[in-house]
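Residue numbers (mature numbering (1 follows the signal peptide of the UniProt record, and there is no 0)): -18 to -1, 1 to 333.
Pasting the structure below:
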């Protein structure tokens, strides 16, 4: 009996000690959570961060574009390195954005100086028009509403309002890691839609109505990349007669249009088969006919499997397509009424 009693006593003491240790660990965890909730993690992350002062030119960044149009470091010849400073993702992101702004200005300068393009702000006119259907809104810093400032004495707030406030604070803490992954969104921003240009389709229609249809150009040729193909089909649906009267040929590059989902009528589908060609991403050589998924317009290989390179890779083929289309139109205009117009549809022998 004494042996059994001692065993029972020992087990009881061991269980009690385990319970005490578990309680102690729980209290430590609670205290740690409380401490972390009082720390401004944003400020903590910025504490050891260098100033966000970056060069204002490519030369100051020590980068330049080589003869192949590739961005390279002027001393090492290496491509751009994002992780310039280890473990400082936010700072590296800001550096990346600063360089991006400089490159954007550089590209505009090349387009203006080397290609003789003129940068205009809508609604001014163009000779050659480069649409920008992706810019549909202006991003501005949201101005705080003074009327929504918290009252000095929070104790006077209704319980429901305090609960909502606490929920917002908790959400702010939970969003910390998301902000870390996307640190450029430090300030609360709002997007103001550009009037009559709030979507790619609206932008394309606006440019057509205000510039292209009013221009003196008798022959219009269109290159439509990716979603631009969908925007063009939408333009045809909205302005079918005008488009047929002005546009001689349309070169799509990896277009995502769908004439059936967009409910294009039969006359539009017939016109596209005659006047349009889609250079798609494919492992096949350039201009190789590709089996069409949908019988809307001829599809040929762009000579690359990279979506973003399809326009560049098919550049010369596209302008040959335009030249042939223009010649067909001129022949049709000078021919007698009984002569059948020759089609400039892409054919095997043309390729």
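Note that beta-carbon positions come from the ideal geometry of N, C-alpha and C, so glycine has one too.
Residue nearest to residue i in terms of C-alpha spacing, selected from the options
i: residue 235; options: 295, 83, 85; result: 295
i: residue 83; options: 40, 113, 116, 288; result: 40
i: residue 260; options: 181, 187, 275; result: 275
i: residue 97; options: 85, 112, 74; result: 112
i: residue 230; options: 204, 222, 114; result: 204
i: residue 241; options: 271, 78, 209; result: 209
i: residue 45; options: 80, 143, 284, 70; result: 80
i: residue 306; options: 144, 238, 8, 256; result: 256
i: residue 33; options: 72, 193, 180; result: 72
i: residue 38; options: 86, 49, 5, 70; result: 86
i: residue 224; options: 238, 200, 78; result: 200
i: residue 70; options: 31, 303, 317, 52; result: 31
i: residue 106; options: 62, 197, 302, 310; result: 197
Enclosing beta strand (DSSP E) for residue i [first to last residue]
i: residue 39; result: Neither: residue 39 is in no beta strand (DSSP E) and is coded neither H nor E.
i: residue 271; result: Premise fails: residue 271 is in no beta strand (DSSP E) and is neither H nor E.
i: residue 218; result: Counting along the chain, residue 218 falls outside any beta strand (DSSP E), though it belongs to the alpha helix (DSSP H) covering 209 to 220.
i: residue 233; result: 229 to 235
i: residue 282; result: 281 to 283
i: residue 55; result: 53 to 55
i: residue 261; result: 258 to 262
i: residue 121; result: 119 to 123
Beta-carbon proximity check, residue i vs residue j, cutoff 9 Å
i: residue 212; j: residue 190; result: no
i: residue 170; j: residue 124; result: yes
i: residue 185; j: residue 118; result: yes
i: residue 88; j: residue 47; result: yes
i: residue 174; j: residue 122; result: yes
Sequence-distant residues of the same chain with beta carbon closer than 8 Å to residue i, five excluded per side
i: residue 244; result: 212, 215, 216, 219
i: residue 60; result: 54
i: residue 337; result: Given that the chain is displayed from residue -18 to residue 333, the structure contains no residue 337 and the question cannot be resolved.
i: residue 74; result: 64, 65, 66, 67
i: residue 292; result: 207, 235, 236, 261, 262, 263, 284, 286
i: residue 331; result: Here residue 331 scores only 35 on pLDDT, less than 50, and its place in the model is too uncertain to base an answer on.
i: residue 280; result: 255, 258, 259, 260, 271, 274, 327, 328
i: residue 359; result: Residue 359 lies beyond the residue range present for the chain, which begins at -18 and ends at 333; the question has no answer from this structure.
i: residue 311; result: 201, 230
Beta-carbon contacts of residue i that lie in its chain and below 7 Å, excluding the five residues immediately before and after
i: residue 315; result: none
i: residue 226; result: 253
i: residue 178; result: 184, 188
i: residue 149; result: none
i: residue 308; result: 201, 230
Limits of the alpha helix (DSSP H) - the one that residue i falls within
i: residue 178; result: Element bounds for residue 178: n/a, residue is neither H nor E.
i: residue 315; result: 297 to 316
i: residue 286; result: Counting along the chain, residue 286 falls outside any alpha helix (DSSP H), and DSSP gives it neither H nor E.
i: residue 98; result: Here residue 98 belongs to no alpha helix (DSSP H), and DSSP marks it neither H nor E.
i: residue 187; result: 182 to 189
Cβ neighbours of residue i in the same chain (closer than 6 Å, five flanking residues each side left out)
i: residue 289; result: 236, 263
i: residue 120; result: 174
i: residue 56; result: 44, 46
i: residue 180; result: 118
i: residue 62; result: 53
i: residue 265; result: 287
i: residue 104; result: Summary for residue 104: the model assigns pLDDT 42, below 50, so the residue's position carries little reliability, and this model does not support an answer.
i: residue 302; result: none
Cβ separation of residue i and residue j, assumed to be a contact under 8 Å, to the nearest whole Å
i: residue 222; j: residue 250; result: 6 Å
i: residue 258; j: residue 238; result: So it is not a contact: roughly 14 Å between Cβ atoms.
i: residue 116; j: residue 182; result: 7 Å
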